[in-house]
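Engineer: Each position in the sequence shown, counted from 1, maps to that position plus 58 in this note's numbering.
Virtual Cβ for every residue (Gly too), placed ideally from N, Cα, C.
Here the structure is a predicted model, which is why all the values come from computation and not from measurement.
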Amino acid sequence: MVLPAGGLLLAAGVAGLLAGSGRGAAVVAWGGVAELLLAAMSLKAWKKGRRSVGAAITSLQTGIAAFLSLRLYRVFLASAKPAARIVHGVLLAIAGSLLVFLVYNLLAGGNPPKRAQPGEEP
């Protein structure tokens, strides 16, 4: 879930920057970049069976998602125009969903590494 959510946040941040939204859009874009990079690192660690590294990366992702959710919530509340409220509400829903997923993942103990089936190479 982190890869698509990070990609959406990055795309929305870039679109906001192109539309002249300023610093807030840059924060969302950089948050999306950070989520994508950490997701790639987490996937790599998962494939190698490194659960502790994956848990540390997931913790970082959770912090970023919490920060973005809080920022977007504040911007959503301050938005006066209906179109801006819709855009910020959608981004808040994405970041909030990502946060819930990551917290669940941490509490559940993460994703266990894939075990090789008989006859498969690890």
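DSSP state of residue 132, grouped into three classes?
Structural biologist: In the structure shown, residue 132 sits in a helix (DSSP, three-state: H, G or I).
Engineer: Using CA atoms only, rank isn't needed, just tell me which of 104, 150, 77, 97 is closest to residue 126.
Structural biologist: Nearest option by C-alpha distance: 150.
Engineer: Within this structure, are the beta carbons of residue 63 and residue 152 separated by less than 8 angstroms?
Structural biologist: Cβ atoms of residue 63 and residue 152: closer than 8 angstroms.
Engineer: Provide the residue span of the alpha helix (DSSP H) that contains residue 102, from first to last.
Structural biologist: Counting along the chain, the alpha helix (DSSP H) containing residue 102 begins and ends at 81 to 105.
Engineer: Just to confirm the assignment, what range does the alpha helix (DSSP H) spanning residue 143 have?
Structural biologist: Element bounds for residue 143: 140 to 165.
Engineer: If contacts are defined as beta-carbon pairs under 8 angstroms, then residue 116 and residue 164 qualify, I think. What distance do you get, rounded to the angstrom?
Structural biologist: With a Cβ gap of about 6 angstroms, residue 116 and residue 164 count as contacting.
Engineer: For residue 138, count neighbouring C-beta atoms within 10 Å of its own C-beta (all shown protein chains included) and say buried if the count is 16 or more, exposed if not.
Structural biologist: With fewer than 16 other Cβ atoms within 10 Å, it is exposed.
Engineer: Near residue 112, which residues of its chain fall below 8 angstroms by C-beta distance, leaving aside the five closest residues on each side in sequence?
Structural biologist: For residue 112, where only same-chain residues beyond five positions count, the Cβ hits under 8 angstroms are 100, 103, 104, 168, 169.
Engineer: Between the C-alpha atoms of residue 70 and residue 60, what's the straight-line distance to the nearest angstrom?
Structural biologist: Near 15 angstroms, if we compare the C-alpha coordinates of residue 60 and residue 70.
Engineer: With a Cβ-Cβ cutoff of 8 angstroms, do residue 90 and residue 74 count as a contact?
Structural biologist: Result no, Cβ atoms of residue 90 and residue 74 do not sit closer than 8 angstroms.
Engineer: When you compare only the Cα positions, how much space is there between residue 19 and residue 160?
Structural biologist: Given a span of 59 to 180 for the chain in the structure shown, any question on residue 19 remains unanswerable.
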